[in-house]
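In our numbering, the protein residues as written are 961 to 1154.
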């Protein structure tokens, strides 16, 4: 089953997190890994780590309400892609905004590193391991802290061509030069018409 929110997080794990930055008003950008805990299609939490210097002292001390934005593929859709010139241009995109409770936990630092490395390296021909970094990893861990985000409320926004007639949709898919966007449009369309 295609879960577009979960797929978006897996394909585009770099998130912008608001509400915890040491620099008020600015987001902190870090990759997050979705935890599904028993239900492979339902995001129940996120795990990650970040540099301590990027976090406000208050956020390090107690749980904080945060906003998280994941940005997927996006692109302009011009009438030049189809035969009907009366069609109005638009912008297609995939976004996921999440609100939740972030808690920094030093005991998660090691496992957050392991989970991220496993997720990012498992498709590599020769997956990298932390052991290869030797003592450098221990030095790094002094400056970072693990965290989890729980009590999630997901607000997905997928504008991927779902309003077009079949003929127009097909022309967009065939003629648009952004293959990643059109693949997402195709997947979303196939799963929404079932």
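Glycine included, every Cβ here is placed at the ideal spot set by N, Cα and C.
Owing to the predicted nature of the structure, the values given are computational and were not obtained by experimental measurement.
| Is it the case that the Cβ atoms of residue 1072 and residue 1007 are separated by a distance below 7 Å? | yes
| Outcome for residue 986 when other beta-carbon atoms lying within 10 angstroms are tallied against a minimum of 16 | exposed
| message | Once the 5 residues before and after residue 1132 are set aside, which same chain residues still bring their CB inside 8 Å of it? | response | 1037, 1041, 1042, 1121, 1124, 1142 and 1145
| Alpha carbon of residue 1046 to alpha carbon of residue 1003, nearest angstrom | Near 41 Å, if we compare the C-alpha coordinates of residue 1003 and residue 1046.
| field | Local conformation of residue 1139 per DSSP, three classes | value | helix
| message | By the DSSP assignment, the beta strand (DSSP E) with residue 1102 in it spans what residues? | response | It is not in any beta strand (DSSP E) - residue 1102 carries neither H nor E in the DSSP assignment.
| said: Just to confirm the assignment: which complete alpha helix (DSSP H) runs, minimum length 4, are found wholly within the region 1065-1098? | reply: 1069-1081
| task | Go through its chain and collect everything with a Cβ distance to residue 989's Cβ below 8 Å, but skip five positions before and after it. | result | 974, 975, 976 and 977
| field | Euclidean distance between Cα positions of residue 1076 and residue 992 | value | 8 Å
| task | Going by DSSP, name the residue or residues bridged to residue 977. | result | 988 and 1028
| Between the beta-carbon of residue 964 and the beta-carbon of residue 1118, is there less than 7 Å? | Yes, the pair counts as a contact, with Cβ atoms nearer than the cut-off.
| query | When the Cα of residue 1105 is compared with those of 1020, 1053 and 1050, which residue comes out closest? | reply | 1020
| query | So, do the region 1050-1061 and the region 1025-1033 have three or more beta carbon pairs nearer to each other than 8 Å? | reply | yes
| request: Report the option in 1094, 983 and 1126 whose CA atom is closest to the CA atom of residue 1016. | output: Answer by Cα proximity: 983.
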